[in-house]
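Taken in order, these protein sequences are the chains called A and B.
Going by this note's numbering, the first sequence opens with residue 1, and the numbers climb by one from there.
Going by this note's numbering, the second sequence opens with residue 1, and the numbers climb by one from there.
Beta carbons: idealized from backbone N, C-alpha and C, even for Gly.
Keep in mind the model is a prediction, meaning the values are calculated, not measured.
In what follows, a structure is listed as structure tokens, so that the remarks can point back to it.
Protein chains: 2
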Amino acid sequence: MLTSKHQHLQAEPCPVARAVDVIADRWTLLVVRDAFDGKRRFGDFQRGLGIARSMLTDRLRNLVAAGIFEVKPASDGTSYQEYVLTSKGSQLFPLIVAFRQWGERHLFDEGEAYSQLLETASGEPLELMSPTTVNGRTIRPEETTVRKVR
Amino acid sequence: MLTSKHQHLQAEPCPVARAVDVIADRWTLLVVRDAFDGKRRFGDFQRGLGIARSMLTDRLRNLVAAGIFEVKPASDGTSYQEYVLTSKGSQLFPLIVAFRQWGERHLFDEGEAYSQLLETASGEPLELMSPTTVNGRTIRPEETTVRKVR
DNA sequence: CAGTATCCCTCAAGATACTG
DNA sequence: CAGTATCTTGAGGGATACTG
């Protein structure tokens, strides 16, 4: 059996540390990205990513164990399985969008083509996400504090 | 010299893939988190994270090379350096907040304590970030499409 | 204090072959 | 097609010692 990750961060009181421990792995994040893009089958992920089969097996297992994917019987009647996002998994959408928006802004040359995320109905790109106060005002990092433990 | 990362994703047209390639590494993300928490010195990061010195050297080097940190002379007059977020680095704030908010909601038991991010002035936690259309309406993953290349 | 230089060991990762 | 099993390589990562 392939090993899972270190896990030592799961005892941390910082939610960032725990979240990083669960999903901040290159293959894991790309699998989740593809799931938001509608992929569900082992072969869909495997071909799209060019990931080694054993790696994909490992990542899918971890994602299911983490409650991010759930396994369902294949919708086409074959005896295989589909990996679909749970509610917990779907709530990773803002995280994937945050990766995307930062990448769009900072990792492409002027005029260089990139794949874009659009609102299907309007064809418009999304608004740039930013943290806001409860009143809806955009907040800058310097205006925030971490309260150590609650 | 310690090696940098694979880099093969930097040719990808998907901004998520490129961004993942640059920053989706456990230590890298925790260093950036600490930078938002005000840390600037090698020793600050090292003690806070318990990271091996050589690992920290490698991560800081990569972060500077990626334009996320810039090196400045120490503000206390010593001959050492400080690592401060550039504008590009500061724009990772929504990403870190996305990790935090997902972690808060899904990786702590009911009533379990966690370190919280607050608006300093009001003491209030931030609003839950979510992707919106240009009109400000919250959008769900199923309402979006990736347009392959532009 | 802020790094650099080694050493060493585990594990991540790909390649390949096999199975129901 | 959807995995599992095995093998090998090299990178990730910690520990320790050294340097300006």
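Chain A contact for residue i (CB, 9 Å cutoff)
i	result
residue 73/B	no
residue 136/B	yes
residue 143/B	yes
residue 78/B	no
Where residue i sits in the DSSP three-state scheme
i	result
residue 129/B	coil
residue 64/A	helix
residue 39/A	coil
residue 85/A	strand
residue 56/A	helix
residue 124/A	coil
residue 108/B	coil
residue 75/B	coil
residue 4/A	Only weak support exists for where residue 4/A lies, its pLDDT of 42 falling under 50; the value from the coordinates is given anyway. Three-state DSSP puts residue 4/A in coil, outside helix and strand.
residue 10/B	helix
residue 91/B	coil
residue 50/B	coil
residue 21/B	helix
residue 15/B	helix
Closer than 9 Å to chain B by CB, residue i
i	result
residue 3/A	Since pLDDT at residue 3/A reaches only 41, below the 50 mark, its modelled position is unreliable, and the value read off the structure follows with that caveat. It does not: the Cβ of residue 3/A has no partner Cβ on chain B nearer than 9 Å.
residue 45/A	no
residue 39/A	no
residue 31/A	no
residue 36/A	yes
residue 148/A	yes
Beta-ladder partner(s) of residue i, from DSSP
i	result
residue 145/A	118/B
residue 70/A	84/A
residue 138/A	132/A
Give, in chain order, every residue of the segment 81 to 107 of chain A whose Cβ lies closer than 9 Å to some Cβ of chain B.
85, 88, 90, 91, 92, 93, 94, 95, 96, 97, 98, 99, 100, 101, 102, 103, 104, 105, 106, 107
If you measure beta-carbon to beta-carbon, which residues of the segment 115 to 130 of chain A are closer than 9 Å to chain B?
115, 116, 117, 118, 119, 120, 121, 122, 123, 124, 125, 126, 127, 128, 129, 130
Interfacial residues, the segment 49 to 73 of chain B to chain A, with Cβ spacing under 7 Å:
So nothing in the stretch comes that close.
Compile a chain-ordered list of the residues in the segment 9 to 26 of chain A whose CB is closer than 9 Å to at least one CB of chain B.
9, 10, 12, 13, 14, 15, 16, 17, 18, 19, 20, 21, 22, 23, 24, 25, 26
Is it true that the segment 122 to 133 of chain B meets the segment 134 to 142 of chain A, where meeting means three or more beta-carbon pairs spaced less than 8 Å apart?
yes
Counting Cβ pairs, one atom from each stretch, are 3 or more of them under 8 Å apart for the segment 88 to 101 of chain B and the segment 91 to 99 of chain A?
Result yes; three or more Cβ-Cβ pairs closer than 8 Å.
Touch check for the segment 77 to 88 of chain B and the segment 32 to 48 of chain B: three-plus C-beta pairs under 8 Å?
yes
Contact between the segment 104 to 122 of chain B and the segment 109 to 122 of chain A is defined here as three or more beta-carbon pairs at a separation below 8 Å; is this criterion met?
no
Should the segment 50 to 66 of chain A be called in touch with the segment 52 to 72 of chain B, which here means at least 3 C-beta pairs below 8 Å?
Contact between the segment 50 to 66 of chain A and the segment 52 to 72 of chain B is not established, with fewer than three Cβ pairs separated by less than 8 Å.
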